[in-house]
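Heads up, the thing below is written out as structure tokens.
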Amino acid sequence: MWSLAPHPVLGAEPGSRLRGKRTRIVAFYTSPPEGVTVLCADELGPVIPRTFPPALGWSPDGHRIKSKLDYGRGPEKTWVYGALRPVDGREVTMTASSRNSVNYQWFLQMVEDANPTGEIVVVTENLSSHNSLATRIWLEDHPRIRHAFIPVGTCWLNLQEGWWRIFRKTALAGQSFAGPAEIDQATRLATAQLNSLATPWVWGRPAPPTRTLRRRFIYCL
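Heads up, the sequence shown is in the numbering used here, so the first residue is 154 and it goes up one at a time.
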């Protein structure tokens, strides 16, 4: 007789190192340590100067919004660095011409300046620029910052991925960029706009609303 598969819950199980890593990341969201600021960091890109299609939606006359295909591409690429603070939903962003250790260290310096007190835990992927020798040496001079790398194939554990979806609609959708300077300006304006409306990011789905029965039918047999 075949046994049923276990329920895919997040919890530490004997012999399962991957599930224990997931649980540790989720614990930073649900019950962060005292005096520790948890941030989620990621890079978006490369963003190429071009005309981006509008956000999905419907026109007033009931037709889907369409845009002409744009095959033009700018020669320069831009990477957008972002770090989300789930406790209040505020974001720190930076644009760079490439994704490397030097730019990542500059970005970590911005994150540290935005959080001047307490220890900082950065939840991110274990990329080469995040865990390079140069970055590890830089972190030795900044002991307040430490990484919490997510397991491979679990990008959904990084809340910054969800913020990118909102960012694309606010900064990129329907816009036409001629160069990196315009992408940087759109990034700064969108970040300021989203920070002004920021709310805490809570891990997990909200409980479904309880539906009250408006009518009750009684069947007599």
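Beta carbons: idealized from backbone N, C-alpha and C, even for Gly.
Who are the Cβ neighbours of residue 293 in its own chain at under 7 Å, not counting the five residues just before and after it? Non-local C-beta neighbours of residue 293 in its own chain, meaning closer than 7 Å and more than five positions away in sequence, are absent.
In whole angstroms, give me the CA-to-CA distance for residue 191 and residue 302. The C-alpha of residue 191 lies about 13 Å from the C-alpha of residue 302.
Based on DSSP bridge pairs, tell me the residues matched to residue 194. 236
At what residue ranges does the segment 293 to 367 contain a whole run of the alpha helix (DSSP H), taking only runs of 4 or more? 313 to 320 and 333 to 349
Identify which residue in 364, 197, 362 and 353 has its Cα closest to the Cα of residue 183. 353
Based on the DSSP output, what are the partners of residue 290 in its beta bridges? Residue 290 is not bridged to any residue.
Buried/exposed call for residue 231, threshold 16 Cβ in 10 Å: buried
Quick one: what does DSSP say residue 265 is sitting in, helix, strand or coil? helix
On the CB-based measure, 16 or more other CB atoms within 10 Å of its CB, does residue 316 come out buried or exposed? buried
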